[in-house]
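Enquirer: Chains as they are written, first to last, in the working numbering: chain F, 24 to 282; chain Z, 24 to 282; chain B, 24 to 282; chain G, 24 to 282.
Protein chains: 4
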Amino acid sequence: MSKLRVAVLGAKGRIGSEAVRAVEAADDMELVAALGRGDKLETLAETGAQVVVELTNPASVMGNLDFCVRHGIHAVVGTTGWTDERLAHLRTSLDASPTTGGEAPTPSTGVLIAPNFSIGAVLTMKFAAQAARYFESVEVVELHHPNKADAPSGTATRTAQLIAAARAEAGCAPQPDATVTALDGARGADVDGVPVHAVRLRGLLAHQEVLLGGEGETLTIRHDSLHHSSFMPGILLGVRRVVTTPGLTFGLEHFLDLG
Amino acid sequence: MSKLRVAVLGAKGRIGSEAVRAVEAADDMELVAALGRGDKLETLAETGAQVVVELTNPASVMGNLDFCVRHGIHAVVGTTGWTDERLAHLRTSLDASPTTGGEAPTPSTGVLIAPNFSIGAVLTMKFAAQAARYFESVEVVELHHPNKADAPSGTATRTAQLIAAARAEAGCAPQPDATVTALDGARGADVDGVPVHAVRLRGLLAHQEVLLGGEGETLTIRHDSLHHSSFMPGILLGVRRVVTTPGLTFGLEHFLDLG
Amino acid sequence: MSKLRVAVLGAKGRIGSEAVRAVEAADDMELVAALGRGDKLETLAETGAQVVVELTNPASVMGNLDFCVRHGIHAVVGTTGWTDERLAHLRTSLDASPTTGGEAPTPSTGVLIAPNFSIGAVLTMKFAAQAARYFESVEVVELHHPNKADAPSGTATRTAQLIAAARAEAGCAPQPDATVTALDGARGADVDGVPVHAVRLRGLLAHQEVLLGGEGETLTIRHDSLHHSSFMPGILLGVRRVVTTPGLTFGLEHFLDLG
Amino acid sequence: MSKLRVAVLGAKGRIGSEAVRAVEAADDMELVAALGRGDKLETLAETGAQVVVELTNPASVMGNLDFCVRHGIHAVVGTTGWTDERLAHLRTSLDASPTTGGEAPTPSTGVLIAPNFSIGAVLTMKFAAQAARYFESVEVVELHHPNKADAPSGTATRTAQLIAAARAEAGCAPQPDATVTALDGARGADVDGVPVHAVRLRGLLAHQEVLLGGEGETLTIRHDSLHHSSFMPGILLGVRRVVTTPGLTFGLEHFLDLG
Numbered sequence: 024m025s026k027l028r029v030a031v032l033g034a035k036g037r038i039g040s041e042a043v044r045a046v047e048a049a050d051d052m053e054l055v056a057a058l059g060r061g062d063k064l065e066t067l068a069e070t071g072a073q074v075v076v077e078l079t080n081p082a083s084v085m086g087n088l089d090f091c092v093r094h095g096i097h098a099v100v101g102t103t104g105w106t107d108e109r110l111a112h113l114r115t116s117l118d119a120s121p122t123t124g125g126e127a128p129t130p131s132t133g134v135l136i137a138p139n140f141s142i143g144a145v146l147t148m149k150f151a152a153q154a155a156r157y158f159e160s161v162e163v164v165e166l167h168h169p170n171k172a173d174a175p176s177g178t179a180t181r182t183a184q185l186i187a188a189a190r191a192e193a194g195c196a197p198q199p200d201a202t203v204t205a206l207d208g209a210r211g212a213d214v215d216g217v218p219v220h221a222v223r224l225r226g227l228l229a230h231q232e233v234l235l236g237g238e239g240e241t242l243t244i245r246h247d248s249l250h251h252s253s254f255m256p257g258i259l260l261g262v263r264r265v266v267t268t269p270g271l272t273f274g275l276e277h278f279l280d281l282g
Numbered sequence: 024m025s026k027l028r029v030a031v032l033g034a035k036g037r038i039g040s041e042a043v044r045a046v047e048a049a050d051d052m053e054l055v056a057a058l059g060r061g062d063k064l065e066t067l068a069e070t071g072a073q074v075v076v077e078l079t080n081p082a083s084v085m086g087n088l089d090f091c092v093r094h095g096i097h098a099v100v101g102t103t104g105w106t107d108e109r110l111a112h113l114r115t116s117l118d119a120s121p122t123t124g125g126e127a128p129t130p131s132t133g134v135l136i137a138p139n140f141s142i143g144a145v146l147t148m149k150f151a152a153q154a155a156r157y158f159e160s161v162e163v164v165e166l167h168h169p170n171k172a173d174a175p176s177g178t179a180t181r182t183a184q185l186i187a188a189a190r191a192e193a194g195c196a197p198q199p200d201a202t203v204t205a206l207d208g209a210r211g212a213d214v215d216g217v218p219v220h221a222v223r224l225r226g227l228l229a230h231q232e233v234l235l236g237g238e239g240e241t242l243t244i245r246h247d248s249l250h251h252s253s254f255m256p257g258i259l260l261g262v263r264r265v266v267t268t269p270g271l272t273f274g275l276e277h278f279l280d281l282g
Numbered sequence: 024m025s026k027l028r029v030a031v032l033g034a035k036g037r038i039g040s041e042a043v044r045a046v047e048a049a050d051d052m053e054l055v056a057a058l059g060r061g062d063k064l065e066t067l068a069e070t071g072a073q074v075v076v077e078l079t080n081p082a083s084v085m086g087n088l089d090f091c092v093r094h095g096i097h098a099v100v101g102t103t104g105w106t107d108e109r110l111a112h113l114r115t116s117l118d119a120s121p122t123t124g125g126e127a128p129t130p131s132t133g134v135l136i137a138p139n140f141s142i143g144a145v146l147t148m149k150f151a152a153q154a155a156r157y158f159e160s161v162e163v164v165e166l167h168h169p170n171k172a173d174a175p176s177g178t179a180t181r182t183a184q185l186i187a188a189a190r191a192e193a194g195c196a197p198q199p200d201a202t203v204t205a206l207d208g209a210r211g212a213d214v215d216g217v218p219v220h221a222v223r224l225r226g227l228l229a230h231q232e233v234l235l236g237g238e239g240e241t242l243t244i245r246h247d248s249l250h251h252s253s254f255m256p257g258i259l260l261g262v263r264r265v266v267t268t269p270g271l272t273f274g275l276e277h278f279l280d281l282g
Numbered sequence: 024m025s026k027l028r029v030a031v032l033g034a035k036g037r038i039g040s041e042a043v044r045a046v047e048a049a050d051d052m053e054l055v056a057a058l059g060r061g062d063k064l065e066t067l068a069e070t071g072a073q074v075v076v077e078l079t080n081p082a083s084v085m086g087n088l089d090f091c092v093r094h095g096i097h098a099v100v101g102t103t104g105w106t107d108e109r110l111a112h113l114r115t116s117l118d119a120s121p122t123t124g125g126e127a128p129t130p131s132t133g134v135l136i137a138p139n140f141s142i143g144a145v146l147t148m149k150f151a152a153q154a155a156r157y158f159e160s161v162e163v164v165e166l167h168h169p170n171k172a173d174a175p176s177g178t179a180t181r182t183a184q185l186i187a188a189a190r191a192e193a194g195c196a197p198q199p200d201a202t203v204t205a206l207d208g209a210r211g212a213d214v215d216g217v218p219v220h221a222v223r224l225r226g227l228l229a230h231q232e233v234l235l236g237g238e239g240e241t242l243t244i245r246h247d248s249l250h251h252s253s254f255m256p257g258i259l260l261g262v263r264r265v266v267t268t269p270g271l272t273f274g275l276e277h278f279l280d281l282g
């Protein structure tokens with residue numbers, strides 16, 4: 024089997040350099056380019072890159088993706104800063120991208136944008152949302168290093184929102200809570216009715232626990248991120264799947280087989 | 024909305040008496056009969072029971088279900104001891120059960136048999152099997168009270184088998200393990216390649232943890248069963264869904280919406 | 024060896040009836056009386072009780088202890104509502120209690136008052152306070168059933184206070200926390216500088232986790248109370264030790280050998 | 024206050040280079056020498072080092088310590104390979120080390136040898152041994168990366184031995200365990216009667232959990248080591264305390280105030 028020809032954009036960054044190593048180490052991939060600031064995009068076409076891993080910054084990502092889509096190069100994107108306008112623009116360019124021939128030509132280029140490439144984080148959110156309707160109580164505890172500036176974490180807030188949406192759709196009753204007297208803050212932050220607690224502890228990196236409780240039992244889903252290398256399996260998975268998934272996909276969860 | 028007419032068989036047992044209370048407490052159900060050893064099955068027909076919760080024993084269950092199926096009464100079954108022969112017999116009687124009228128009459132009676140009515144336990148197995156292919160390492164730790172006679176628990180063994188099957192289907196590599204010198208038993212029991220560890224501790228009831236580990240991250244799914252009342256939400260869910268699910272369903276997971 | 028003659032006051036209550044069973048089941052004890060509301064205290068003297076387990080209520084406890092101390096009966100007390108005045112009164116009566124004979128007669132009656140008879144809870148507080156000075160960060164997460172009226176729990180508040188006092192005594196720096204933007208309540212309640220988070224979840228009873236974090240490592244001490252029978256080992260330990268510990272002892276931790 | 028003059032031996036190693044940085048970052052210390060293979064020990068005397076952090080190897084450590092003791096330089100030693108003979112030799116040289124003047128001259132040089140400088144690991148062992156006698160059941164679960172060659176870890180084995188010794192001394196009954204049928208290995212390795220389970224999971228570093236269970240409650244003490252920088256606070260603590268602790272001290276626990 025011939026190897027997938029992969030290029031990394033933003034190859035000098037912390038995640039980018041890790042991605043370079045991960046692609047090199049993957050048996051089924053060949054690293055054909057590792058571009059940093061100032062390098063020319065033409066290299067991508069010249070080296071015959073089939074998939075680009077885009078790990079630059081919001082100022083560069085649109086130009087980079089325009090180039091890729093025009094040249095029929097698939098992209099796996101970790102860069103943030105996506106707005107509805109940007110997504111609409113990207114969809115338009117994808118519609119005009121090179122097509123497979125045949126009677127009903129369709130755009131064949133695929134782009135995966137993922138806010139989080141950690142498979143563990145994505146599964147935690149997915150499972151939490153699926154389970155939430157079957158339990159009376161759900162709370163989120165996230166734990167991070169004490170240098171973090173925001174509380175709760177974006178991931179915890181997003182998780183709580185997904186949980187709340189799933190419960191609303193299923194018509195769940197509000198969570199039971201008989202608290203009458205409480206110290207300020209004791210019951211956590213309220214995110215759409217889901218209590219979220221943020222712990223800041225030296226020694227930790229990034230951790231999240233979703234606690235679900237029903238009559239006589241609890242279910243706990245915990246994700247521990249111990250190193251940013253945890254993004255690599257998700258990036259490689261994205262590379263392998265994006266080549267057969269034309270159009271725009273938002274969120275790594277769509278590439279996970281959870282049947 | 025009229026209430027579901029529900030009867031409990033085995034109503035004097037530990038789980039059965041709990042089921043009686045749970046049905047009585049449910050807004051959308053009416054308890055029409057609570058039968059114990061020696062009570063007549065005819066009562067089910069006389070009271071117009073629509074669903075029976077069958078919590079007796081392997082010696083009684085087949086007769087009870089024959090009666091139900093013949094009378095078009097749906098059944099939710101927690102009794103154990105199912106063999107291929109018994110399941111085949113039950114399917115045959117279901118095929119001959121009263122049908123909905125119309126041009127293409129189909130058997131309308133539904134039977135749900137569930138080895139485990141704890142929604143938390145069922146979700147743990149489901150999620151573990153779904154996640155297993157995305158992590159290099161998976162191990163199971165189950166923890167129970169020290170009066171338990173078997174190790175590991177049936178649930179832990181079943182969970183490990185489901186994990187192993189999912190990994191085999193996805194073509195996962197064997198789990199990494201560089202152990203060269205080990206004390207006997209240190210690495211747990213081997214269930215189809217998945218290490219399973221059994222802890223026995225005074226004070227515990229029934230708990231299970233599935234640990235999944237990949238590059239830089241771990242995902243932990245933990246189920247704590249603190250009281251056998253944990254079966255009640257699953258039994259009530261079964262009662263509500265079995266009336267619109269003709270034929271035989273094996274396993275509560277088929278009644279959970281995990282879309 | 025002759026058995027300790029033990030009486031239970033408040034024997035009809037939830038904890039009291041459990042204590043009756045625990046004393047009966049203990050090899051080295053004999054239950055000589057189990058008194059409820061309206062029963063006469065004289066029974067204690069008549070039956071030759073050596074130790075009384077006092078599990079009544081704030082309105083009765085002082086009278087009961089006065090009787091015990093006057094008759095040289097040791098007491099293990101779980102009743103709450105202790106004030107400085109009450110403790111001072113009790114100390115005074117103990118000073119006048121029957122003495123051992125000899126040249127330097129000393130009061131021989133012992134009274135143990137314990138706000139918490141769970142050995143696990145007591146050890147959690149003790150260990151947390153001991154460890155707190157060696158870690159940069161300490162937070163407390165308590166988890167209870169959703170019918171609880173106060174948040175955080177009294178035990179969690181007390182634990183945080185002990186931690187804060189130990190850190191102050193050791194001259195620890197304030198905990199690191201770079202939080203700039205936070206949702207209200209996300210960082211928990213502040214108890215003397217120690218963040219305390221309260222989770223309320225159906226299915227839980229009473230649980231507490233102390234998280235300590237330093238450079239590259241964390242230490243977690245977790246107590247799970249799954250049944251109020253957890254008070255029994257502490258009560259029995261108190262009974263065995265109070266007979267050789269004259270005077271007033273406040274807190275079960277003084278009876279634990281932590282050398 | 025003048026700063027402690029500290030030298031590091033083995034300064035090029037993984038832990039050594041970390042120790043160099045930690046000493047440099049400590050407000051109350053001054054790094055006066057950082058010696059690697061081939062550097063001369065005389066530097067220690069010339070630079071006026073008061074404390075040496077010894078992180079070399081079993082072949083070098085005895086010579087290094089002989090030099091330190093002869094010159095009245097205190098030492099904090101992380102190098103392994105200690106035998107009874109080596110310890111006896113070291114004690115003899117310490118007896119002959121420079122003394123404080125005065126009428127009752129005593130050796131003033133101190134040496135701390137610690138098999139583990141992680142304060143969290145040391146406290147886990149200490150607390151586990153203290154608590155073990157108060158619970159019917161105790162088991163150890165250790166979790167490491169899958170490249171580890173031995174199972175269980177040395178720390179887990181040592182922890183189980185300390186637990187077993189404490190229980191023996193307190194006259195505890197054997198642990199309850201009604202297991203009749205078990206898969207091979209399910210109940211873990213037996214270390215002096217304490218079951219020890221070893222989990223190997225990609226993504227983990229070094230973790231240990233001691234589970235203690237009694238009537239109605241459990242106590243869990245968990246240590247997570249996420250980076251080898253976790254040794255630094257213990258090394259710095261050793262440096263600060265060894266200067267006022269003449270003679271040989273074995274084990275960091277002796278320098279922790281657990282009053």
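For glycine and all other residues, C-beta sits at the position ideal for the given N, C-alpha and C. For clarity, every value in this text was computed on a predicted model and none was experimentally measured.
Could you have a look at H112 of chain F and say whether DSSP puts it in helix, strand or coil?
Expert: DSSP places H112 of chain F in helix when its eight states are reduced to three.
Enquirer: Answer yes or no: does any C-beta atom of chain Z fall closer than 7 Å to that of S204 of chain G?
Expert: Checking the sequence, you will find Thr at residue 204 of chain G rather than Ser. Yes - at least one Cβ of chain Z is within 7 Å of the one on T204 of chain G.
Enquirer: Just to confirm my understanding: we take D215 of chain F, look at its own chain, exclude 5 residues before and 5 after, and list those with CB closer than 6 Å. What are they?
Expert: Answer for D215 of chain F: Q184 and A187, listed in chain order.
Enquirer: Can the beta-carbon of G239 of chain F be found less than 7 Å from the beta-carbon of S253 of chain Z?
Expert: Yes. Within cutoff.
Enquirer: G226 of chain Z touches chain B at which residues, Cβ-Cβ below 7 Å?
Expert: The contacting residues are L249.
Enquirer: Pick helix, strand or coil for E159 of chain Z, following the three-state DSSP scheme.
Expert: Reduced to three states, the DSSP call for E159 of chain Z is coil.
Enquirer: Find the nearest neighbour of G36 of chain F within the set F:H246, F:L146 and F:A57, judged by alpha-carbon distance.
Expert: It is F:A57.
Enquirer: Helix or strand or just coil, what does DSSP make of T241 of chain F?
Expert: Correct three-state label for T241 of chain F: strand.
Enquirer: Taking Y167 of chain F as the reference, which of B:D200, B:L249 and B:R44 has the closest Cα?
Expert: It is worth fixing the name first, because residue 167 of chain F is His in this sequence and not Tyr. Looking at the Cα atoms, B:D200 is the closest of the given residues.
Enquirer: Tell me, which residues are paired with H220 of chain B by DSSP?
Expert: Bridge partners of H220 of chain B: B:V164.
Enquirer: Any beta-carbon of chain G closer than 7 Å to the one on S160 of chain Z?
Expert: Yes - at least one Cβ of chain G is within 7 Å of the one on S160 of chain Z.
Enquirer: Cβ of A196 of chain G within 7 Å of Cβ of A155 of chain G?
Expert: Against a cut-off of 7 Å, the Cβ pair of A155 of chain G and A196 of chain G comes out as no contact.
Enquirer: May I have the straight-line CA-CA distance separating R114 of chain B from D89 of chain B, to the nearest angstrom?
Expert: Spanning the two alpha carbons is a distance of roughly 11 Å.
Enquirer: Taking 7 Å as the cut-off, decide whether the C-beta atoms of H251 of chain B and Q231 of chain B are in contact.
Expert: No. Outside cutoff.
Enquirer: Please work out which residues of its chain come closer than 6 Å, Cβ to Cβ, to V233 of chain B, disregarding the five sequence neighbours upstream and downstream, and give them in chain order.
Expert: So the list reads A151, V163 and I244, once near-sequence residues are dropped.
Enquirer: Just the Cα atoms here: how many angstroms apart are L275 of chain B and L135 of chain B?
Expert: Looking at the two C-alpha atoms, the distance is approximately 8 Å.
Enquirer: Can L54 of chain Z be considered in contact with the ligand SAH, in the sense that its beta carbon sits closer than 6 Å to one or more heavy atoms?
Expert: This structure lacks the ligand SAH, and indeed carries no ligand of any kind.
Enquirer: With DSSP as the reference, label S83 of chain G as helix, strand or coil.
Expert: If DSSP states are grouped into helix, strand and coil, S83 of chain G belongs with the helices.
Enquirer: Any beta carbon from chain B within less than 7 Å of G208 of chain F's own beta carbon?
Expert: Judged by the 7 Å Cβ criterion, G208 of chain F is in contact with chain B.
Enquirer: Taking the straight line between their C-alpha atoms, what separation do you get for H277 of chain B and P169 of chain B?
Expert: In a straight line, the C-alpha of H277 of chain B is about 33 Å away from that of P169 of chain B.
Enquirer: Taking the DSSP output, what are the residues bridged to R28 of chain Z?
Expert: Beta-bridge pairing links R28 of chain Z to Z:E53.
Enquirer: By Cβ distance below 8 Å, which residues in the same chain neighbour G153 of chain G in space, the five residues on each side in sequence not counted?
Expert: Residue identity check: residue 153 of chain G is Gln in the sequence provided, not Gly. Cβ neighbours of Q153 of chain G beyond the five flanking positions: A189.
Enquirer: When the cut-off is 7 Å and only beta carbons count, does T241 of chain Z lie next to chain G?
Expert: Answer yes: the Cβ-Cβ gap between T241 of chain Z and chain G drops below 7 Å somewhere.
Enquirer: How would you call T106 of chain B, buried or exposed, if buried means at least 16 neighbouring beta carbons within 10 angstroms?
Expert: T106 of chain B is exposed by the Cβ-count criterion.
Enquirer: Please tell me whether A154 of chain F has its Cβ less than 7 Å away from any Cβ of chain Z.
Expert: Chain Z, which has a Cβ nearer than 7 Å to the Cβ of A154 of chain F, makes this yes.
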